[in-house]
Structures are given as C-alpha cells and as structure tokens.
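To keep things clear, I will list the structure first and then write my remarks on it.
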C-alpha cells in the first residue's frame, strides 16, 4: 500500500510541476493582454480625436478657400459689369457681402484649430491671414495683383496641408 500512495503523489507532483508554470504563464499572459487592450483602446480614442479635429481643420480651410475664390469671381464679374448698381450688379454685391462673414468665421476657426499642429500650425494661420488681408484690399479697392494673391493662396494651401498632416500624425497633445 505504501508504494501505491507514493506513486500517485509523485504523479501529482509531476503534474503540478507542469501545470503551475503553465498556469502562472497563462495568468501573466491574460494580464498583459488586458493591458494591451487598454493601450489599444486609448490609442484608438486619441487617433479618433486627431482625425476628427484634422477633418474639421480641412473643412474650414477648404471653406475658407472656396469663399475666397467665390468672392474674387464676384468682384471680377462686378468689375466687368456695365452698371454695378443695376439689378444684376446689386445681386452680385449682395452675394459678395454674404460671403464676408463666412470668410471671417473660417479664418477664426483656422486660428483656433492650428493649435493642434504645434510646429506647422502657425505657418498655416499666417498664410491664411495673408490671403485674408489681400482679399480685404480687393474688397476695399476692387483691384488685385492676381499673381501676388495666387502666391498667397498657394502658400496657404501648402501650409494647411502640412498642418493637417501634423494633426493626423500627432501622438500627444501637450
């Protein structure tokens, strides 16, 4: 009887030698997996934040440029109008005046959003201001240096693209 008791004990001990490290490894694995899922969830939330704000910046920049283009086209049409004060000219002036608040609003929105691109954002805002100032001159004088304005528009588009890329790639907000 002593032999049969010793043999099952030895078998239990051998089984414990196998199961104990395996169980500990499984527990450590589960804890690591749980931590990894928490990190992945945090990264996904952060990435979603960056994407949404970058999309808002993109939309604001695009609306800003569409407003500039539309306003310049309206001023060009007004400049070629035989009588800017007739019914057609008055309608063009009304449309131009309606674009001004949209232009100003998106300029302010760009100013707010470039904070999320700490190294490239200031250049985008500065370029937007240059475009805005040139459009303001056109609004006042109805005259424009088209090549200079086109250069400011190109500078804004390049700076906005860089700021947008930085927003998307941002790892942390400081």
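Numbering (our numbering), first residue to last: 48 to 221. Note that the Cβ used here is the ideal one computed from N, Cα and C, for glycine as well.
Assignment of residue 127 by DSSP, reduced to helix, strand and coil, places it in the helix class. Apart from the 5 residues on each side of it in sequence, residue 78 has no Cβ closer than 8 Å to any other Cβ in its chain. With respect to the C-alpha of residue 158, the residue from 146, 175 and 148 having the closest C-alpha is 175. Taken through DSSP and simplified to helix, strand or coil, residue 132 comes out as coil. For residue 217, there is no enclosing alpha helix (DSSP H), as DSSP marks it with neither H nor E.
Comparing alpha-carbon positions, the option among 119, 185, 184 and 164 lying closest to residue 216 turns out to be 164. Take the alpha-carbon of residue 195 and the one of residue 80: they are about 57 Å apart. Annotation for residue 191: no alpha helix (DSSP H) segment contains it, and DSSP assigns it neither H nor E. In this structure, the CA atom of residue 128 is about 7 Å from the CA atom of residue 136. Classified as buried, residue 207 has 16 or more neighbouring CB atoms from the shown chains inside 10 Å of its CB. Around the beta carbon of residue 146, a 10 Å sphere encloses 16 or more other beta carbons of the protein chains shown; the residue is thus reported as buried. The three-state secondary structure of residue 64, taken from DSSP, is helix. DSSP places residue 166 in the coil class of the three-state scheme, outside both helix and strand. By the 16-neighbour rule on beta-carbons within 10 angstroms, residue 138 is exposed. Here residue 103 has 156 and 160 as same chain residues with Cβ atoms under 8 Å from its own Cβ, once five neighbours each way along the sequence are excluded. With a beta-carbon spacing of about 7 Å, residue 118 and residue 150 fall inside the 8 Å limit used to define contacts. The beta carbon of residue 166 sits closer than 8 Å to the beta carbons of 213 from its chain, once the five residues preceding and following it are set aside; these are given in chain order.
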